[in-house]
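For the sequence shown, numbering that gives the first Met the number 0 begins at 0 and goes up steadily by one. These notes concern the structure reproduced below.
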Amino acid sequence: MEKEEIELLNQWRSHPNWTNEDASQELKVKEAH
């Protein structure tokens with residue numbers, strides 16, 4: 000697992016209302032940087 004994915008999972012735990020869409024958008028935002 001990549002560091003970004005682990006960070007994302009940790010964020011997801013603090014935002015349990017996130018959907019897959021929210022998560023993939025977060026990933027896209029991170030990849031864009």
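Each residue gets a CB set at the ideal place from its N, CA and C atoms; glycine is no exception.
Using a threshold of 8 Å, state whether the C-beta atoms of leucine 7 and alanine 22 are closer than that.
Contact: yes.
Helix, strand or coil for asparagine 16, going by three-state DSSP, please let me know.
For asparagine 16, the three-state secondary structure derived from DSSP is coil.
Taking 8 Å as the threshold (C-beta atoms), are lysine 27 and glutamate 3 in contact?
No, these two residues do not count as a Cβ contact at 8 Å.
Alpha carbon of threonine 18 to alpha carbon of glutamine 24, nearest angstrom
If I take the Cα positions, the gap works out to 10 Å.
Alpha carbon to alpha carbon, what distance is there between isoleucine 5 and aspartate 11?
This sequence places tryptophan at residue 11; aspartate is not what is there. One C-alpha to the other measures close to 10 Å.
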